[in-house]
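K.L.:
Heads up, the sequence shown is in the numbering used here, so the first residue is 128 and it goes up one at a time.
Backbone N, C-alpha and C fix where the C-beta goes; we use that ideal spot for every residue, glycine too.
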Amino acid sequence: MTSPGDGRTGLVLGAGGVLGAAWLIGALRAFEEVTGFDPRTADRLLGTSAGSILVAALGAGVDTNGLLHHQFGIITEGAPQIDFDPDTDSGGKLPPWPKPGIGSRELLFKSWRHPRQVHPQVALYSVVPEGRGDLQPVGRLVDSVNEGEWSPHPSCWVVAVDYEEGRRTVFGRDGAPEARLRDAVMASCAVPGWYHPVTIGGRRYVDGGVRSSTSAELLAKLDLDRVYVFAPMASYELDQPKSVGTAFERGVRRYVTRGLTAEVERLRAAGIAVEVFTPGPADLEVIGPNLMNPLRRTDVLETSLRTMTERLEAAQYVDVDGRS
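1. Leaving out five residues before and five after V401 in sequence, what residues of the same chain have Cβ atoms less than 6 Å from its Cβ?
2. Which value, in whole angstroms, describes the spacing of the CA atoms of V249 and E204?
3. Bridge partners for W284 per DSSP, in chain order?
4. Identify whether I152 lies in helix, strand or coil by the three-state DSSP scheme.
5. Within the continuous beta strand (DSSP E) that includes E437, where are the two ends?
6. State the Cα-Cα distance for the pair A314 and D261, rounded to the nearest angstrom.
7. Pull up the distance between the alpha-carbon of P324 and that of E437, whole angstroms please.
8. With T296 as the anchor, note down where its beta strand (DSSP E) starts and where it stops.
9. Could you tell me the alpha carbon to alpha carbon distance between Q208 and E291, rounded to whole angstroms?
10. So P222 packs on G266, CB below 8 Å; how close in whole Å?
11. Would you kindly work out how many angstroms separate the C-alpha atoms of R380 and G188, rounded to a whole number?
12. Counting only beta-carbon separations shorter than 8 Å, does V312 have a partner in chain C?
13. How long is the line joining the alpha carbons of N420 and E276, rounded to whole angstroms?
14. State the start and end residues of the unbroken alpha helix (DSSP H) segment that holds A374.
15. Where does E291 sit, in a helix, a strand or coil, going by DSSP?
16. Going by Cα to Cα distance, which pick from S431, G386, F199 is closest to P408?
17. DSSP on F199, reduced to helix/strand/coil?
18. From G153 to F164, what distance separates their C-alpha atoms?
19. Just how far apart, CA to CA, sit R433 and G134?
20. Which of the three DSSP states is assigned to D190 in this structure?
21. What are the partner residues of D210, as DSSP defines its beta bridges?
22. Give the secondary structure of Y76 by DSSP, where H, G and I count as helix, E and B as strand, and everything else as coil.
23. To which residues does DSSP link Y332 through a beta bridge?
24. Once the 5 residues before and after Y322 are set aside, which same chain residues still bring their CB inside 6 Å of it?
25. Using 8 Å for Cβ pairs, my map puts G186 next to L172. What's the rounded Cβ distance?
26. By alpha-carbon positions, which one of V427, L439, T215 ends up nearest to L151?
27. Quick check on the burial criterion: 16 or more other C-beta atoms within 10 angstroms. Buried or exposed for V145?
28. Look at the alpha carbon of A149 and the alpha carbon of D190, and state the distance between them as a whole number of angstroms.
29. Smallest Cα separation from Y252: which of K226, S370, V318?
30. Of the residues C316, V288, P281, which one's Cα is nearest the Cα of G299?
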């Protein structure tokens with residue numbers, strides 16, 4: 128297998144809540160250790176929801192070891208100090224009671240008047256009540272690692288959805304609304320019904336996962352040779368659900384996986400080599416039914432480190448220094 132450092136590279140980090148972030152950090156650390164490829168050196172960074180937080184950190188120069196140490200509460204001298212408590216700052220495993228009423232009358236009305244202009248999946252979220260959860264800790268996290276208005280990385284994209292028009296918005300891309308990185312990441316994480324929408328430039332935005340867990344196909348028209356997609360909410364190998372809640376989550380995961388497959392096909396049709404990484408059965412067993420449950424966070428992280436290392440070593444990757 129060729130080195131992951133060959134050619135121009137895109138890195139896609141998908142949505143997945145607290146446990147998705149933990150899985151991503153373990154997977155990225157294992158990927159770097161086995162292949163020698165530093166995710167910070169990707170030519171294009173694309174993040175959605177939990178993935179947007181990590182894209183912001185990587186783009187600001189935080190390495191995978193720093194992300195890993197933060198998850199385990201290890202303070203490393205000289206490394207950026209990430210201001211975020213992964214056990215409490217997400218707000219817990221259940222959301223606060225939402226506000227009464229529907230979340231976006233504007234989006235609901237547009238979906239009714241112009242159904243072809245709004246993706247059906249996005250239209251459904253118009254009626255979800257507005258959440259009360261607070262995303263300021265996420266903004267504080269971004270500020271703790273990133274000093275400027277936007278990422279110092281030359282191409283850092285953050286995906287959210289305009290909650291009035293239903294359009295996918297890619298902050299950081301040419302032509303996108305101006306936004307501070309902290310606000311864009313908060314918007315990308317604003318799960319309808321859980322967190323309140325984030326206002327940028329007078330418009331309300333919600334989680335980019337409302338439209339797609341990865342939005343990987345956005346890279347199809349770029350000059351890239353290879354794209355790595357890490358998708359915590361998809362799985363090509365499922366476990367055996369042990370509860371009704373877990374069975375429901377796996378059903379959602381199947382739906383997400385079908386969407387991811389279509390996006391990957393678009394990338395490959397554009398001549399881009401794509402490799403996709405998703406949680407496997409061992410990961411899913413510790414993830415359980417609720418991606419927002421912080422009590423499982425370290426178990427998910429440790430399992431991801433192990434399973435991704437095993438997968439990559441079995442694939443006989445050649446790292447960027449030519450070692451197998």
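P.N.:
Quick answer:
1. Within the same chain, Cβ atoms closer than 6 Å to the Cβ of V401 are found at V354, V391, L394, R395, the five residues on either side in sequence being excluded.
2. Our two residues, V249 and E204, have alpha carbons roughly 44 Å apart in a direct line.
3. Checking the DSSP bridge columns, you'll see W284 partnered with L173.
4. The three-state secondary structure of I152, taken from DSSP, is helix.
5. Looking at the DSSP string, E437 is not in any beta strand (DSSP E); the run it does join, the alpha helix (DSSP H), is 424-441.
6. Answer to the nearest angstrom: the Cα atoms are 11 Å apart.
7. Approximately 39 Å, taken between the alpha carbons.
8. Under the DSSP assignment, T296 falls in the beta strand (DSSP E) whose first and last residues are 295-298.
9. Using only the alpha carbons, I get a separation of about 36 Å.
10. Distance from P222 to G266 at the Cβ level is roughly 18 Å; contact not present, criterion being Cβ atoms closer than 8 Å.
11. Approximately 31 Å between the Cα atoms of the pair.
12. The chain labelled as chain C is not found in the depicted structure, where only one protein chain is given.
13. Cα to Cα, N420 sits roughly 31 Å from E276.
14. Note, A374: alpha helix (DSSP H), 371-396.
15. The answer is coil: DSSP assigns E291 none of H, G, I, E or B.
16. Of the candidates S431, G386, F199, the one whose C-alpha sits nearest the C-alpha of P408 is S431.
17. Looking at F199 - three-state DSSP - the assignment turns out to be helix.
18. About 14 Å.
19. So the alpha carbons of these two residues sit roughly 28 Å apart.
20. Coil, per DSSP.
21. The partner list for D210 (beta bridge, DSSP) is empty, contrary to what the question assumes.
22. Not covered by the structure: residue 76. The range shown for the chain is 128 to 451.
23. Looking at the DSSP output, Y332 shares a beta bridge with D289, V325.
24. So the qualifying residues of the chain are G258, G260, L262.
25. About 5 Å separates the beta carbons of G186 and L172, which is inside the 8 Å limit, making them a contact pair.
26. Measuring C-alpha to C-alpha distances from L151 to each of V427, L439, T215 identifies V427 as the nearest.
27. Only buried fits V145, as 16 or more other CB atoms lie within 10 angstroms of its CB.
28. Rounded to the nearest whole angstrom, the CA to CA distance from A149 to D190 is 15 Å.
29. Ranking the options by Cα distance to Y252, first place goes to V318.
30. Nearest of C316, V288, P281 to G299, Cα basis: P281.
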